[in-house]
Amino acid sequence: MTTRCFHCEEPVPNGLDLTVTINEEVQPMCCIGCQAVAQTIVDNGLVDYYKFRTEPANKGEALVPEQLSKHKLLDDEALQNEFIHQDGDTKESILTVDNISCAACAWLIEMKISQLRGVKQINVNATTQRATVKWFDEEIKLSEILSAIDAIGYHALPFKASTAEELNQKQSKSFIKRLGVSGILMMQVMMIAIGLYFGAFSDMSEHNLTYLRWASMILSLPIITYGAFPFYTGAINAIRMRRLSMDVPVSIAISLAYIASVWATVTRQGEVYFESVSMFTFLLLIGKFLEFRARNRAAQVSANLLKLMPLSATVLRDGKPTLIAAKKLEVKDHVVIKPGETIPADGLIIHGKSQINEAMLSGEQKPVSKGQSDKVFAGTINGDGNITISVTSLMSDSFLSQLIRLSEAAQSHKPQLAKFSDSIAQYFVALILVMASITAMYWSQHMPEEAFWITLSVLVATCPCALSLATPTALTCATTKLNRAGIMIKSAHVMEAMPQIDLYGFDKTGTLTTGDFTIKQVALYDSPFTENELLPIIASAEAYSEHPIAKAFHTYFDSNIDVSNVEIVAGCGVTAQYQNQSFKIGKASWILPQLDEHEALDNNAQNASCLVTVDGKLISAIFLQDTIRDDAKPLLNLLKVNQCKTMLLSGDNQAGCQQVIDALPIDDAFSQLSAKDKMAIIKENQNHSKVAMVGDGINDTPVFSAAHLSIAMGSGADIAKNGADVILLNNKLNSIATLLDVAKRTKQIIRQNYMWAFGYNAIVLPLAMSGHITPYLAVIGMSASSILVVTNSLRLLK
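Mapping of the sequence shown onto the working numbering: residues 49 to 846, in sequence order.
Next comes the structure, spelled out in structure tokens:
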């Protein structure tokens with residue numbers, strides 16, 4: 049039987065033994081080219097390619113040597129659909145970056161990659177060890193960006209939940225191995241050191257003394273090479289970029305201590321400190337490991353979200369269900385989703401109805417009832433009904449993918465205080481090196497036998513690791529906390545701006561009210577249609593609109609009524625053609641000025657929720673009723689307690705607004721406003737206040753852009769693409785109180801972190817220079833300082 053290549057399915061030549069392990073099974077390869085490409089696919093965590101491919105791959109020989117260069121495979125458009133978002137001529141991807149040990153590493157990567165031609169933007173989050181990069185594909189390829197990151201000592205791959213988890217496990221195992229080796233050998237070195245100490249008091253022979261010193265030197269060598277390797281690589285990478293990082297003084301301290309001890313051993317002159325440098329490195333590794341574990345807790349949110357995405361989907365092909373890879377779904381594909389299955393893509397329900405669990409987006413465990421024409425999102429779980437959806441966006445463009453990208457961007461944002469600390473960090477390291485040199489010169493003159501260890505203490509105790517962790521850990525924890533509560537931060541400045549807001553503008557419909565309109569009354573004015581005839585026509589036209597008012601007519605929708613030339617007039621209403629007649633349906637302030645006889649009409653029409661005209665003649669006034677949100681009043685009262693003013697900015701008429709004005713404690717109210725009017729009011733108030741606008745995001749995009757901060761309700765139109773800075777996915781108005789509380793706490797914790805970091809270094813530097821801190825205490829102090837900052841930030845998760 050002929051053996052076929054697993055990659056290209058061509059026959060494997062007799063006697064050739066080339067294999068690649070794929071999904072824990074050894075698979076045969078027909079040539080070194082196929083072996084290289086298949087191994088690249090495995091190494092990059094893309095083995096799902098083999099599981100769901102529809103035809104054999106091209107023979108690897110045709111790809112050699114180009115595909116043998118690292119990362120080239122990731123430039124394949126077919127593979128990029130899974131992890132790259134394209135917006136016009138730019139591409140965006142989240143990368144998992146290995147070997148990031150502190151904020152200095154993140155800064156180093158940003159500096160290097162941002163200099164590449166074609167890279168539009170890069171933000172690196174040291175806490176989550178991920179980078180969000182945007183680039184112009186015509187000018188630079190993803191493989192070139194990854195290779196550039198490799199060139200400065202780091203390793204990056206497109207972020208996938210499985211890859212991120214494997215990387216974390218790999219890093220954790222690496223830490224434990226280094227700790228294990230260093231800990232075991234340190235104990236042996238310490239035992240020898242005890243023998244040396246006792247020997248000093250019992251006249252140990254020179255031969256035995258020399259033997260014990262050489263044994264200590266050999267045993268401590270793996271500790272200062274393998275154990276301390278991460279510190280050296282960090283320092284070398286920084287120096288290659290002509291920068292100073294926190295790893296530089298630590299590496300210098302470890303190297304000097306060991307070299308001095310080796311010199312004393314070889315020349316048989318002076319003291320050896322192998323036990324000290326061994327314990328020093330071991331304690332540093334413990335501190336780094338605890339810091340890694342703490343940071344890892346805050347970095348799980350995005351990985352956990354992506355785990356919700358299914359690998360396969362049942363798509364209808366010629367009316368028959370076919371199982372394909374979820375990442376291969378295309379726009380307009382019809383996908384069947386059975387009860388209990390996870391929805392594989394964003395889409396509209398075209399058949400069936402069910403209860404959808406959207407807890408992963410909104411934080412609300414209660415299922416949401418959805419039926420025909422309702423939108424569903426990738427990663428949410430279908431309840432008890434069979435539904436068929438029409439896919440509206442690719443996996444890389446899904447709302448879940450956007451949520452992850454935007455969360456990463458928000459976490460990578462640095463407030464002004466953080467930017468200041470980053471700018472002085474390398475100068476602070478330079479100051480440490482200068483002060484250490486001064487300390488060495490001073491003590492070598494006054495107490496030569498202690499000069500070395502006092503200098504060592506200065507290098508270690510003042511290492512500004514806590515300074516670099518102060519902001520990223522706090523922002524990561526805060527964003528994670530908000531995501532769990534169903535609040536999505538889209539813009540980087542939200543956490544910094546929110547505590548400064550002192551004026552909140554609220555839209556009425558769908559914001560202060562539920563937006564669940566019902567028809568209260570239909571008034572007809574010489575109409576050629578009866579009420580039962582008119583409402584289905586209106587419903588057919590309003591089906592094209594996502595405004596809350598449009599939903600009031602959905603129950604009257606009749607698929608047999610065909611309207612044409614439907615046009616949505618933003619903030620006003622809808623126009624359509626039906627049986628050669630021109631319909632206009634919209635607010636009174638838009639309709640009435642277009643009528644010649646509107647002054648002679650019943651004044652009650654001016655208070656209607658919407659008017660209907662046919663060929664320019666008013667035929668109906670429709671009165672709707674809405675319900676004020678239960679959490680509106682508590683929120684407004686809370687804002688008053690926080691000395692924030694509130695105002696109502698509504699496009700509805702005065703009569704429609706009066707219900708809200710009477711029921712809620714609003715400072716100012718404006719009705720019958722267009723988007724332009726709302727913008728004017730916001731800009732006027734910006735002269736003396738920091739203004740936030742809260743709306744449903746349907747016609748408020750221009751208004752959102754005018755405010756200092758914009759907040760959209762989750763029930764608004766296309767929540768993935770509106771112009772708001774914050775989206776309340778849970779559709780709860782009182783989430784603004786949660787956002788305000790978390791923002792204030794984040795600001796407070798960041799300040800506490802910086803106060804501790806600066807205060808600790810201000811206190812410990814003179815103590816270390818004066819010889820009052822031993823190297824052991826220096827290590828403990830430096831590690832405890834970093835762990836304290838991370839632990840303080842983790843309080844935001846509670």
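Backbone N, C-alpha and C fix where the C-beta goes; we use that ideal spot for every residue, glycine too.
Residues that DSSP places opposite residue i in a beta bridge
i: Ala717; result: Leu696
i: Gly282; result: The partner list for Gly282 (beta bridge, DSSP) is empty, contrary to what the question assumes.
i: Phe671; result: Gln569
i: Cys658; result: Ile670
i: Thr370; result: Val363
i: Phe631; result: Ala624 and Val662
i: Asn405; result: Ile429
i: His133; result: Glu140
i: Ile676; result: Thr561
i: Gln75; result: Val68
i: Asn840; result: DSSP lists no partner for Asn840.
i: Leu396; result: Lys423 and Ser438
i: Arg52; result: Pro59
i: Asn173; result: Arg178
Nearest-angstrom Cβ-Cβ length linking residue i and residue j, presumed shorter than 8 Å
i: Asp422; j: Gln403; result: Contact flag wrong, Cβ pair sits at about 12 Å.
i: Thr559; j: Met761; result: 6 Å
i: Thr51; j: Val60; result: 4 Å
i: Phe601; j: Leu583; result: 6 Å
i: Lys738; j: Leu551; result: 7 Å
i: Ile240; j: Leu260; result: 5 Å
i: Leu167; j: Ile188; result: Strictly speaking, residue 167 in this sequence is Val, with Leu absent from that position. At roughly 6 Å, the Cβ-Cβ gap stays under 8 Å, so Val167 and Ile188 are in contact.
i: Val837; j: Trp804; result: 6 Å
i: Met817; j: Met483; result: 6 Å
i: Phe322; j: Val237; result: 5 Å
Cβ neighbours of residue i in the same chain (closer than 6 Å, five flanking residues each side left out)
i: Ser630; result: Asp663
i: Ser758; result: Met741, Phe752, Ala772 and Asp773
i: Ala204; result: Leu143, Val145, Leu194 and Ile197
i: Ile271; result: Ser230, Leu233, Ser326 and Thr329
i: Ile398; result: Thr436 and Ser438
i: Leu815; result: Ile821
i: Ser299; result: Phe279, Tyr280 and Ala283
i: Glu579; result: Val570
i: Leu64; result: none
i: Ala276; result: Ile302 and Thr329
Pair within 8 Å by beta-carbon distance, residue i and residue j
i: Lys568; j: Leu672; result: yes
i: Leu15; j: Ser834; result: Outside the displayed range of the chain (49 to 846) lies residue 15, so it cannot be described from this structure.
i: Arg226; j: Phe207; result: no
i: Thr315; j: Met265; result: no
i: Ser668; j: Ser593; result: no
i: Leu684; j: Phe718; result: no
i: Ile585; j: Ile616; result: no
i: Asp555; j: Thr675; result: no
i: Ala518; j: Tyr802; result: yes
i: Ile307; j: Phe279; result: no
i: Arg677; j: Leu781; result: yes
i: Leu479; j: Leu304; result: no
i: Leu687; j: Thr694; result: yes
i: Lys635; j: Cys620; result: yes
i: Ile148; j: Ile161; result: no
i: Ile549; j: Ser783; result: no
i: Lys386; j: Asn434; result: yes
i: Ile775; j: Asn840; result: no
Proximal residues to residue i (C-beta, below 8 Å), its chain only, five neighbours per side dropped
i: Leu396; result: Ser421, Asp422, Lys423, Val424, Ile437, Ser438 and Thr440
i: Lys681; result: Ala711, Leu712 and Pro713
i: Phe223; result: Leu333, Lys336, Phe337 and Phe340
Cβ-based neighbour list, residue i, same chain, cut-off 7 Å, excluding 5 preceding and 5 following
i: Pro750; result: Ala723 and Met727
i: Ala526; result: Met543, Val790, Thr794 and Leu844
i: Asn62; result: none
i: Gln75; result: Phe54, Thr67 and Val68
CB contact below 8 Å: residue i versus chain B
i: Val689; result: No chain B appears in the structure shown, which is made up of a single protein chain.
Report the start-end ranges of each alpha helix (DSSP H) in the segment 550 to 600 that is 4 residues or longer and not cut off at the edges. Whole alpha helix (DSSP H) segments, 4+ residues: 579 to 590 and 596 to 599.
Which complete beta strand (DSSP E) runs does the segment 181 to 235 hold, if anything under 3 residues is left out? Annotation note: the segment 181 to 235 contains the following uninterrupted beta strand (DSSP E) runs of length 3 or greater, listed N- to C-terminal: 203 to 206.
4-residue-minimum alpha helix (DSSP H) runs that sit fully inside the segment 494 to 548, ordered along the chain: Qualifying alpha helix (DSSP H) stretches, in chain order: 496 to 509, 513 to 532 and 542 to 545.
Mind listing, in chain order, the continuous beta strand (DSSP E) runs of no fewer than 3 residues lying wholly within the segment 727 to 801? If we require 3 residues or more, the beta strand (DSSP E) runs fully inside the segment 727 to 801 come out as 739 to 743, 757 to 761 and 774 to 776.
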